[in-house]
Amino acid sequence: MEDNEMKQFSWTAFFLVTGFSFFMFSKLMFFLDGTQLPVFTLIGILAIAIGCFSMIRSIKHKPEEK
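Per numbering that gives the first Met the number 0, the very first residue in the sequence shown carries number 0; after that it's consecutive.
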């Protein structure tokens with residue numbers, strides 16, 4: 000069985016969770032109140048984009064296992 004310890008903070012997970020949270024909060028407020036929150040939508044989209052970029056970068060620069 001592999002030991003999957005988290006040795007460092009995952010910025011990818013941070014940006015993806017933050018992005019989806021901001022985006023879903025904005026959509027929930029639009030559904031409940033009818034007003035659009037463009038700041039929350041923009042922050043959500045930017046955080047998701049940064050998270051995706053970080054994930055792609057970590058996949059490309061993954062150290063080779065011996």
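We treat Cβ as the ideally placed atom computed from N, Cα and C, and that holds for glycine.
*Should residue 25 go down as buried or exposed, given a rule of 16 or more other Cβ atoms within 10 Å for buried?*
buried
*Do residue 42 and residue 14 have their C-beta atoms closer together than 7 Å?*
no
_Taking the straight line between their C-alpha atoms, what separation do you get for residue 16 and residue 54?_
13 Å
*Could you check what DSSP says for residue 0 in three-state terms: helix, strand or coil?*
With a pLDDT of 46 at residue 0, under the threshold of 50, the predicted position of this residue should be treated as unreliable, though the coordinate-derived value follows. DSSP places residue 0 in coil when its eight states are reduced to three.
*Classify residue 48 as buried or exposed, calling it buried when 16 or more other Cβ atoms lie within 10 Å of its own Cβ.*
exposed
*In angstroms with no decimal places, state the Cα-to-Cα distance between residue 58 and residue 18.*
20 Å
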